[in-house]
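Peer 1: Going left to right, the sequence shown walks through residues 3 to 312 as the numbering used here numbers them. Here a beta-carbon is modelled for each residue, glycine too, at the ideal position from N, C-alpha and C.
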Amino acid sequence: MKKKWLIIGVIIIVVIIALFVGSRFLNKTNEEELTEQNIKISPQMVTSVERGDLKKTVSTSGYLQPADEKALTFGLNGEIEEILVGEGKRVTEGEVLVRLEKSQQELNYLRAKNTYELIKTSGSESEINEQELNFQIAKKNLEDTTLKAPFSGLITNVSVKPDDYINSGSEVAYIIDDSSYEIEVAVNEIDSLEIEVGQEVIIILDAFLGREFSGRVREIHNYTQNVNGVVTLPVTVKLDKADRQFKPGFSALVEIIIGRAEGELLVPISALLDRQGQQMVVKVVDNKPVFTPVKAGFSDGVYTAIEEGL
């Protein structure tokens, strides 16, 4: 957890718990109460209150994946007539990618159209409806001989060549939307209670050492995963901006920011005491210890922000 400090050096407090003096008092057999009078201050026991920022994060890892990706297929059997793209080609939505040989579909379309036009003038309602349906099917089959890009993106694979015969549903090409990337991570079930949609995220990619990328929590899934007794919750993180050098599968370290305090007075958590339900620190005034009630705020587990009292 990274912290930025601005030392103000005007308030001095005594660190009790972190030093041996704490156990000296608290572990006495007669359980003598810790008081201002029996605290003996040494230089090792004091610290300056500092103003700065705190950040608490949940760390996890995952892999880059495009926000949208799709295996492209034809809806009918046929022979590949023309391939207009190759691996690595950037395409726009609606752009023609591959064509099937379509002479039979054109013939079926013309026949269905002519029959429908004739039956409209002399047929019964049911006959007209039937021929209209046949016409619409033939029209769609003809349109389906042309494969178009469903969205703008990058062609990452073309798995056919001209004159190949393919079956309906067989993958012809693969497209990704590389303008937007996500990472699905597994968050420990305990940490997951502090995760919220919209929280800021810091991403570090192994392929881009020395650079940090920003993002936000996009989705918290409603199911858990149990691997060898370890329960986690899948969380999807969306990067704010994609880089053209990103590749699906790049490994990523993800830090979800679950809390922060900015410009607050900060004290080590070891300086906080609880006396009869009241949080306190021991402030040094004129070289003497003085119990001072405080209101503690956000903590990152090492330092605590003090909202009131100092």
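Excluding sequence positions up to five away, which residues of its chain have a Cβ less than 7 Å from the Cβ of V219?
Peer 2: Correct list, in chain order: I197, E198, V199, G200, Q201, V203, V237, V239, I258.
Peer 1: Can you say whether R224 is buried or exposed, counting buried as having 16 or more other CB atoms within 10 angstroms of its CB?
Peer 2: Looking at the sequence shown, residue 224 is not Arg but Asn. So N224 ends up on the exposed side.
Peer 1: Pick out whichever of K297, R246, G77 has its Cα sitting closest to the Cα of I178.
Peer 2: Among K297, R246, G77, the Cα nearest to that of I178 is on R246.
Peer 1: Please state whether DSSP places S126 in a helix, a strand or coil.
Peer 2: DSSP places S126 in coil when its eight states are reduced to three.
Peer 1: Which of the three DSSP states is assigned to E186 in this structure?
Peer 2: It is a strand residue.
Peer 1: Helix, strand or coil: which one does DSSP assign to E97?
Peer 2: Coil.
Peer 1: Within 10 angstroms of its Cβ, does V93 collect 16 or more other Cβ (buried), or is it exposed?
Peer 2: Counting Cβ neighbours within 10 Å, V93 comes out buried, since at least 16 surround it.
Peer 1: Applying the 10 Å Cβ sphere with the 16-neighbour rule, what's the burial state of G251?
Peer 2: Answer is exposed; the Cβ neighbour count stays below 16.
Peer 1: What would DSSP say about E264, mapped onto helix, strand or coil?
Peer 2: In the structure shown, E264 sits in a strand (DSSP, three-state: E or B).
Peer 1: Just to confirm the assignment: which complete beta strand (DSSP E) runs, minimum length 3, are found wholly within the stretch 174 to 232?
Peer 2: Counting whole runs of 3 or more residues, the stretch 174 to 232 contains the beta strand (DSSP E) stretches 183 to 190, 202 to 207, 215 to 222, 227 to 229.
Peer 1: For the putative contact between I82 and P152, defined by C-beta atoms under 8 Å, what is the C-beta separation to the nearest angstrom?
Peer 2: Between P152 and I82 the Cβ distance is about 19 Å, and since that is not below 8 Å, they are no contact.
Peer 1: Can you name the start and end residues of the beta strand (DSSP E) that K91 belongs to?
Peer 2: Element bounds for K91: n/a, residue is neither H nor E.
Peer 1: Just list the residues that DSSP pairs E84 with in beta bridges.
Peer 2: Its beta-bridge partners are R101.
Peer 1: Rounded to whole angstroms, what is the Cα-Cα separation between Q106 and T62?
Peer 2: So the two alpha carbons sit approximately 55 Å from each other.
Peer 1: By Cβ distance, which residues of its chain are closer than 6 Å to V292, with the 5 residues on each side in sequence left out?
Peer 2: Contacts found: K285.
Peer 1: Do you know how far the Cα of A273 is from the Cα of T294?
Peer 2: Near 11 Å, if we compare the C-alpha coordinates of A273 and T294.
Peer 1: Are there three or more Cβ pairs, one per stretch, closer than 8 Å when the stretch 140 to 156 is compared with the stretch 99 to 117?
Peer 2: Contact holds: three or more Cβ-Cβ distances are below 8 Å.
Peer 1: Alpha carbon to alpha carbon, how far is E34 from K58?
Peer 2: Low per-residue confidence applies at E34: pLDDT is 42, beneath 50, and the placement is therefore not dependable enough to give any value.
Peer 1: Does the separation of the CB atoms of N159 and Y176 fall below 8 Å?
Peer 2: Taking 8 Å as the Cβ cut-off, N159 and Y176 qualify as a contacting pair.
Peer 1: By Cβ distance below 6 Å, which residues in the same chain neighbour T2 in space, the five residues on each side in sequence not counted?
Peer 2: The chain is shown only over 3 to 312; residue 2 falls outside these bounds and no answer can be derived.
Peer 1: May I ask you to report which of helix, strand or coil DSSP gives K243?
Peer 2: Coil, per DSSP.
Peer 1: Quick check on this structure: which residue in E103, L66, Q280, L56 has the alpha carbon closest to the alpha carbon of G311?
Peer 2: Ranking the options by Cα distance to G311, first place goes to Q280.
Peer 1: Check the DSSP bridge columns for Y167 and list the partner residues they point to.
Peer 2: DSSP, once it has assigned bridges, lists E81 as partnering Y167.
Peer 1: Since A254 and I205 should fall inside the 8 Å C-beta cutoff, what is the C-beta to C-beta distance between them, to a whole number of angstroms?
Peer 2: Confirmed, about 5 Å.
Peer 1: Could you pull the start and end residues of the beta strand (DSSP E) that Q278 belongs to?
Peer 2: First-last for Q278: undefined, no H or E at that position.
Peer 1: Compare the beta carbon distance of I260 and T306 with 8 Å and say whether it is the shorter of the two.
Peer 2: No, the Cβ-Cβ distance between I260 and T306 is not below 8 Å.
Peer 1: Within its chain, find whatever has a CB closer than 7 Å to the CB of G77; leave out the 5 residues flanking it on each side and keep chain order.
Peer 2: Excluding residues within five positions, the ones whose Cβ falls inside 7 Å are D146, S170.
Peer 1: How would you call V287, buried or exposed, if buried means at least 16 neighbouring beta carbons within 10 angstroms?
Peer 2: Result: exposed.
Peer 1: If I'm right that V157 touches V87 with Cβ under 8 Å, what's the distance once you round it to whole angstroms?
Peer 2: A small correction: the amino acid at residue 157 is Ile; Val does not occupy that position in the sequence shown. Contact holds; Cβ gap of about 5 Å.
Peer 1: In chain order, what residues of the same chain lie with their CB nearer than 8 Å to the CB of D379, ignoring the 5 residues before and after it?
Peer 2: With the chain covering only 3 through 312, there is no way to say anything about residue 379.
Peer 1: Flag this pair as yes or no: are the beta carbons of V98 and I85 separated by less than 8 Å?
Peer 2: In this structure, I85 does not lie closer than 8 Å to V98 by Cβ.
Peer 1: Using CA coordinates, which residue listed in S161, G125, E221, R53 is at the minimum distance from T75?
Peer 2: The shortest Cα separation from T75 among S161, G125, E221, R53 belongs to S161.
Peer 1: Closest to L66 by CA distance: which of N136, K150, S172, S181 is it?
Peer 2: Ranking N136, K150, S172, S181 by Cα distance to L66 puts S181 first.
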